[in-house]
Each structure stands twice: as structure tokens, then as C-alpha cells.
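S.K.:
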Amino acid sequence: MQAVLDYLKQNQKRALAEFCEYLRFPSISAQSQHDDDLTACAQWLAAHCKHIGLDAKIHSTAGHPIVTATTPRVKSKTKRPHYMVYGHYDVQPPEPFNLWTSPPFEPRIVGRNIFARGSTDNKGQNFAHLKAVEAYLKTGTPLPCDLTFVIEGEEEVGSASLSTFLKKHRRALDCEAVVISDTGMPSPKHPALGYSLRGIIAFEITLHGPARDLHSGGFGGAVDNPAMALSQLLAQLRDKNGRITIPGFYDGVVPLSAYERKQYARLPGTDAELQKMIGVKKLFGERGFSSSEQRSARPTFEINGLTSGYQGEGSKTIIPSWARAKITCRLVPNQKPEHVRNAVLAHLKKICPPTVRLEIEAGHGAEAYLVSPTGKAAQSSLRALKQAFGHEPILMREGGSIPIVNQFKKILGADSLLLGLGLPDDNAHSPNEKFSLDCFEKGQLMSAHLWQELAKD
Ligand code: BES
Ligand code: ZN
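Residues 40 to 496 in the working numbering are what the sequence shown lists, from first letter to last.
(1) Within the present structure, is the beta-carbon of residue 236 separated from the nearest heavy atom of the ligand BES by less than 7 Å?
(2) CB of residue 441 to nearest heavy atom of the ligand BES: below 7 Å?
(3) With a threshold of 7 Å (Cβ to nearest heavy atom), would residue 196 be considered close to the ligand BES?
(4) Can you grab the Cα-Cα spacing for the pair residue 303 / residue 166, in whole Å?
(5) Distance check for residue 308 and residue 118, CA to CA, integer angstroms please.
(6) Locate the alpha helix (DSSP H) running through residue 108, then write down its first and last residues.
(7) Less than 7 Å between the CB of residue 398 and some heavy atom of the ligand BES, yes or no?
(8) State buried or exposed for residue 305, treating a residue as buried only when at least 16 other CB atoms are found within 10 Å of its CB.
(9) Suppose only complete runs of 3+ residues qualify. What are the beta strand (DSSP E) ranges in the stretch 274-359, listed by chain order?
(10) By Cβ distance, which residues of its chain are closer than 8 Å to residue 378, with the 5 residues on each side in sequence left out?
(11) Beta-carbon within less than 7 Å of residue 382's beta-carbon, same chain only, minus the 5 sequence neighbours each way: which residues are those?
(12) Spatial neighbours of residue 66 within its chain, please: C-beta separation below 6 Å, excluding the five flanking residues on both sides.
(13) Please name the residue, chosen from 93, 458, 360, 53, that lies closest to residue 251 on a Cα-to-Cα basis.
(14) Which first and last residues belong to the alpha helix (DSSP H) in which residue 78 is found?
(15) Who pairs with residue 196 in a beta bridge, going by DSSP?
(16) Around the Cβ of residue 294, are there at least 16 other Cβ atoms within 10 angstroms (buried) or fewer (exposed)?
(17) Would you list, in sequence order, the uninterrupted beta strand (DSSP E) runs of no fewer than 3 residues that lie entirely inside the stretch 151-222?
(18) What are the start and end residues of the beta strand (DSSP E) that includes residue 475?
Spelled out as C-alpha cells, the structure:
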């Protein structure tokens with residue numbers, strides 16, 4: 040084991056240079072103009088996996104390729120434990136470009152941070168595991184378990200191809216648990232094991248008005264304005280206490296137990312700090328819940344994009360022909376995505392005024408995830424976190440979604456260990472995304488320890 044730790048220490052410079060190469064691919068899964076960049080990124084990744092001693096393959100899918108990489112299988116009389124390491128090489132769109140202090144796909148190191156789209160979400164977090172395994176392979180240190188990396192290119196758009204892949208390769212992917220570093224921790228002094236993720240439903244609403252944009256002087260006053268109608272429609276969906284007013288929206292939501300609320304109260308950070316970090320005048324959330332609870336244990340209805348009318352320079356006096364909103368709702372354990380989707384759609388149809396035509400386009404969806412953090416693998420993970428970060432880890436629910444995690448459970452029967460390496464100020468999905476080099480290095484140590492700790496069970 041010492042050889043592994045020494046190797047990691049001695050090879051950080053090279054690891055960082057390779058990480059930069061990985062970050063240069065604009066692997067933006069939401070934008071079809073980047074399809075070739077995703078393929079090139081998958082090819083680079085597979086080649087890199089081979090280079091460090093893994094047996095790597097690229098699997099084409101209906102969408103973006105999936106990369107798998109396995110450790111050399113060791114002959115043994117007893118069945119060796121097998122773990123999957125899941126990650127994704129696709130990234131969110133980098134727009135708006137003008138807010139980046141350096142181009143999103145030209146990694147820049149400033150102090151102990153590396154700035155680039157995908158640095159924390161998820162290339163860096165996942166790469167830390169690859170570097171740890173490289174250290175075992177290159178030093179000839181026996182790994183106490185077999186590993187399979189599964190790194191996909193569609194996580195940020197709902198992981199549509201991966202379920203089919205899991206079903207097809209069910210036997211080869213049969214494992215004790217899935218290790219995922221694609222979440223966060225409150226601070227480097229509070230390494231965290233996640234035990235829940237929120238689910239999600241995505242859709243777009245368009246309100247169609249006049250057949251074409253109209254002169255707002257010639258027609259304004261006698262015709263409904265789709266942008267105004269959409270604003271009024273959306274504004275009705277949330278009350279002043281932050282509750283979503285859609286009938287059936289909260290069906291199935293289980294209240295937090297007193298024990299969980301106690302755990303929440305132990306999380307570091309104040310509302311004042313949160314407010315400052317995100318740059319808002321004042322926080323807003325569902326009344327009766329702390330901000331941490333609101334961010335991870337409560338469902339939400341969010342407008343992600345709102346488009347209508349003229350967006351160019353100067354003014355243009357028109358009544359726009361249409362208005363559109365891109366929406367996602369975060370779901371919590373026990374909410375059914377289809378039930379919530381139907382409740383939302385039925386309500387929108389009911390309250391839509393007769394002056395506009397409502398069009399709804401359904402997008403991806405995934406259930407929330409919740410696992411008891413008391414199992415043996417969870418305990419091993421906590422020990423590995425403590426060894427790497429030198430602080431007592433905490434247990435936390437995560438507010439984001441990793442759509443495939445429920446499929447790991449349903450198709451493979453495997454729970455996921457959420458060992459997040461991201462920090463709250465990493466700017467995931469925002470301009471100037473970064474990853475802390477301390478988290479990168481400690482993440483490698485955590486992974487190196489993890490395989491030993493898991494093997495003890
Ligand atoms: N890394 C995130 C998930 C995450 C972030 C979990 C922070 C917990 C805390 C992941 O890459 C992600 O962004 N997922 C998407 C999924 C969606 C597009 C289906 C998300 O949560 O928005
Ligand atoms: Zn993401």
C-alpha cells in the first residue's frame with residue numbers, strides 16, 4: 040500500500056497534465072454539433088485507460104459511446120469481490136461564454152484550483168479513481184477486488200442509453216456496489232458520504248399566440264401576449280410560502296424523520312454564508328424547512344430557461360408569436376416521476392387561458408434514490424474518507440440527480456456509494472467551473488484506501 044501512496048505523491052504533475060488533456064474535449068452532450076467531440080473524448084479516455092493497464096472498450100449506443108475499463112482479472116479459488124466505478128465524460132453547455140474568465144475548454148490552474156467545464160462535474164472526480172487504480176497497477180500492488188469502470192457520455196441529458204447497456208451486460212456488471220464520485224461535500228473538513236439523490240422530470244412548455252410576431256401598436260390591447268400569458272401561468276404555480284400549488288405534486292413525499300433533521304442541523308455553514316456565496320439579496324425557499332432541507336429533501340419546480348420575443352440589441356415593438364419555458368422538477372424519495380409529470384400537465388392544461396395554444400414536450404425523468412447508510416460498504420467508505428481527508432465524514436442527502444443510480448439498483452441489484460469530491464463553490468453547471476486540486480489529490484488517496492477498506496468486509 041505504501042508503494043501506491045508514494046506513486047500517487049510522485050506522479051501528481053503528470054496526473055494533472057493528463058487531466059488537462061481530458062478537459063480539452065468540449066464533450067457537451069446536449070448539443071448535437073458536439074457529437075464528434077464526445078466520440079473523440081471517449082476514444083481518448085479508452086486509450087488512457089489502456090495506457091494505465093486497464094482492459095478498455097468503447098461501446099457504441101443509440102446516443103454517445105460508453106467506455107468500460109476493467110482491471111486485469113486475477114485467478115482465485117474464492118470469488119473475488121467486484122465493484123463498479125461509474126462516472127461520465129459528458130459536460131453541461133458552457134454558455135454564457137462571456138462570463139468565463141478563461142475559455143471553458145482551455146484548462147487554467149490558479150493557485151490550488153483548476154478551471155474548466157467538466158473539471159468537477161465529472162471528469163476530475165472520476166479521474167481521481169483512475170489515477171488511484173493506475174497507482175496499484177503500475178506499482179504491481181495487488182488490488183484486493185476486481186473493478187470495472189463504466190464511464191458514459193449522456194449523464195447530463197438523462198442517461199437514456201445506459202439502461203439498455205446495463206441490461207445487455209447484466210452478468211459482466213454484476214457487482215457488490217457501485218462507487219460514484221459525482222456529488223459534493225460541504226468543505227474539505229467535512230468529507231461526505233451521500234445516501235440520497237433527488238429525482239427529476241424535464242419538459243418544455245410553449246404557448247402559441249398569433250401566427251406571426253405582430254406590431255404591438257397596431258394589435259396590442261386586442262390580442263393576448265404569449266410571454267405575458269406564460270408569465271402569469273408560471274407565476275400561479277408557486278405560492279408566497281414557496282409551496283408548489285399543483286394538486287398532487289407532493290403525493291408520496293415522506294416527511295423527514297426527527298433523526299434526519301438532527302443530522303441536517305449538524306451540517307456546517309450558515310444561511311448568511313450561502314447567501315453570500317451564490318450572490319443573492321435574500322434566500323427563498325419552502326417555509327418550514329431549513330435551506331439544507333430545501334436543497335436536498337424537498338421537491339422543486341424550476342424554470343431553467345425562458346424564451347420569447349426579441350432578444351437582440353435595442354427595442355422592437357412586437358407581440359411575440361410564442362413563448363417557451365424549459366422546466367425541471369426535482370423529486371424526492373417515494374415520488375413517482377410519471378405521477379408528478381401527469382399532475383403538472385393536467386394542471387397546466389386546466390389553467391391555460393383560451394387565448395393561447397399550449398404545447399408540452401416531455402423530456403427525461405428519473406426517480407430519487409435513498410439508501411440506508413448503515414451497511415458494511417458504507418462503513419468502509421467512511422473509513423476511506425477519513426483516512427484521505429483526515430476529518431470525520433458526515434452523512435448527507437444530495438440535491439442533484441444521477442439518473443442511472445436507480446437502474447443500478449433495479450437492473451443489477453447494486454447500491455451506490457456516493458463519495459463526492461466537489462465543493463459548494465465549484466460552480467458546477469455555471470461559468471468558471473473549477474475543481475480543487477486538494478480534492479483531486481485527496482480523492483485519489485480516498486480511492487486507494489477504499490479498495491482496501493471494502494475488502495476488509
Ligand atoms: N454531478 C451531478 C449530480 C449532482 C450534483 C449530485 C451535485 C449531487 C450534488 C450530475 O452531473 C448532474 O448534474 N446531473 C443532472 C442530471 C439531469 C440532467 C438528468 C442534474 O442533477 O441536473
Ligand atoms: Zn452535472
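No residue lacks a Cβ here, since even glycine has one placed at the ideal position from N, Cα and C.
M.R.: Put simply:
(1) yes
(2) yes
(3) yes
(4) 30 Å
(5) 44 Å
(6) That residue, residue 108, is in no alpha helix (DSSP H); its beta strand (DSSP E) goes 105-109.
(7) no
(8) exposed
(9) 339-347
(10) 287, 290, 291
(11) 285, 286, 287, 288
(12) 76, 77, 80, 128, 129, 130
(13) 360
(14) 74-90
(15) None, per the DSSP bridge assignment.
(16) exposed
(17) 152-154, 185-191, 216-219
(18) 473-475
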